[in-house]
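**Q**
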Amino acid sequence: MIKVYNFKRGARGLRVCWVCEEMGLPYQLEAFDFPPPASYRALNPLGSVPFLEDAGGVAINESVAMMLYLAERYGPTPLLPAKDDPTLARVLQMTVFGETTLGAQMNTLMAAHFMAPEADKKNWSVRGAEQRLDQAIAYVEGILADNPYLAGNAFTLADISVSTAFGMWKGALGKSLSDKLSAYRERLASRPAFQRAQKHMQG
Ligand SMILES: N[C@@H](CCC(=O)N[C@@H](CS)C(=O)NCC(=O)O)C(=O)O
89 MIKVYNFKRG ARGLRVCWVC EEMGLPYQLE AFDFPPPASY RALNPLGSVP
139 FLEDAGGVAI NESVAMMLYL AERYGPTPLL PAKDDPTLAR VLQMTVFGET
189 TLGAQMNTLM AAHFMAPEAD KKNWSVRGAE QRLDQAIAYV EGILADNPYL
239 AGNAFTLADI SVSTAFGMWK GALGKSLSDK LSAYRERLAS RPAFQRAQKH
289 MQG
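At position 199 of the sequence shown the residue is numbered 287 (our numbering), and the sequence of numbers has no breaks.
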């Protein structure tokens, strides 16, 4: 049985639950408040969430790896185009981008926002990360162009990865998105699988 460990409102765990819901995969969720219980470090020495366990001794961190694992292990699924589909490259790029370029830099901002002393909240590193994120978010808007989804007309892992990062941007960091990207987020949030995942996470 797939088991996902996450913070109760953790955006990256939402990525994983959302993929399970879209694919109709049964999963168990263990949600806790920050900080994780001490026993959790025995599973994931980094102490970060989410964490995924599955049959056969699968036990991994990294939310995007979990998304790709589920699509590969339990697919085929329209969330991950087939090897000969020309949109595969875009889907892989933007799925990874959602964490490496967006999510990881947002962690820097969240740490500063919630934990840094007042004098450091807007230091040189924070201002640089904000600028790079503004650029990266404008880049997403360009990739979306006039399409409903990042890879064109099909909803994929890329949309799950990027839109959950936007959730951190708006929710945890209190930043805004353009009208176009807000409409994109709302389009995704109206999916029944997203709503089931959110409901499951909130218990
Ligand atoms: N690249 C990792 C990032 C994991 C991460 O930073 N998770 C946050 C919560 S969303 C966290 O655990 N923060 C607390 C900590 O690192 O102690 C992933 O995508 O899973």
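Yeah, the Cβ is synthetic: ideal placement off N, Cα and C, and Gly gets one too.
Closer than 8 Å: is that where the CB of Val146 sits relative to any heavy atom of ligand 1?
**A** False, no ligand heavy atom lies under 8 Å from that Cβ.
**Q** Given Phe243, which residues of its chain have a CB within under 6 Å of its CB, disregarding the five upstream and five downstream residues?
**A** These residues qualify, in order along the chain: Tyr237.
**Q** Whose C-beta lies closer than 7 Å to the C-beta of Glu110 among residues of the same chain, with five residues either side of it excluded?
**A** Once the five neighbours on either side are set aside, the close Cβ partners of Glu110 are Leu167 and Ala281.
**Q** Helix, strand or coil: how does DSSP classify Lys287 here?
**A** Three-state DSSP puts Lys287 in a helix.
**Q** Run through the DSSP bridge pairs and tell me what Lys91 is partnered with.
**A** Answer is Gln116 and Glu141, bridged to Lys91.
**Q** Over what stretch of residues does the beta strand (DSSP E) that includes Asn149 continue unbroken?
**A** Start and end: Val146 to Asn149.
**Q** Buried or exposed: where does Asn94 fall if 16 or more other Cβ atoms within 10 Å of its Cβ makes it buried?
**A** With 16 or more Cβ atoms within 10 Å of its Cβ, Asn94 is classed as buried.
**Q** Taking Cβ to Cβ, would you say Leu190 is nearer than 9 Å to Trp257?
**A** It is a contact, given that the beta carbons lie within the stated cut-off.
**Q** Straight-line CA distance for Gly144 to Pro114?
**A** Taking the straight line from one Cα to the other gives about 16 Å.
**Q** Measuring from the CB of Pro205, is there a heavy atom of ligand 1 at a distance below 8 Å?
**A** No, the Cβ of Pro205 stays beyond 8 Å of every heavy atom of ligand 1.
**Q** Can you list, in chain order, the residues of its chain with a C-beta nearer than 6 Å to that of Met198? Leave out the 5 residues immediately preceding and following it.
**A** For Met198, where only same-chain residues beyond five positions count, the Cβ hits under 6 Å are Ala260.
**Q** Which two residues bound the contiguous alpha helix (DSSP H) that contains Thr252?
**A** Taken as a continuous stretch (DSSP letters only), the alpha helix (DSSP H) holding Thr252 covers Leu245 to Gly255.
**Q** Say yes only if the C-beta of Ser136 is nearer than 8 Å to one or more non-hydrogen atoms of ligand 2, and no if none qualify.
**A** Ligands in the displayed structure: ligand 1; ligand 2 is not one of them.
**Q** Following the continuous alpha helix (DSSP H) through Phe122, name the residue where it begins and the one where it ends.
**A** Looking at the DSSP string, Phe122 is not in any alpha helix (DSSP H), and its letter there is neither H nor E.
**Q** Should Val152 be listed as close to ligand 1, given that the test is whether its C-beta is under 8 Å from any heavy atom?
**A** Yes, the Cβ of Val152 comes within 8 Å of a heavy atom of ligand 1.
**Q** My guess is that Ile231 and Met182 are in contact by the Cβ rule of under 8 Å, so how many angstroms apart are they, rounded?
**A** Yes, they are in contact, since the Cβ atoms of Ile231 and Met182 sit about 7 Å apart, within 8 Å.
**Q** Would you check whether ligand 1 has a heavy atom nearer than 8 Å to the C-beta of Pro125?
**A** False, no ligand heavy atom lies under 8 Å from that Cβ.
**Q** Ordered along the chain, which non-local residues of its own chain (more than five positions away) have a Cβ less than 7 Å from that of Leu117?
**A** Answer for Leu117: Val92, Asn94, Cys105, His288 and Met289, listed in chain order.
**Q** Please confirm whether Cys108 and Leu156 have their CB atoms less than 9 Å apart.
**A** No; because the gap between Cβ atoms is not below 9 Å, this pair is not in contact.
**Q** Which of the three DSSP states is assigned to Gly259 in this structure?
**A** Helix, per DSSP.
**Q** According to DSSP, is Gly240 helix, strand or coil?
**A** Here Gly240 sits in strand by DSSP.
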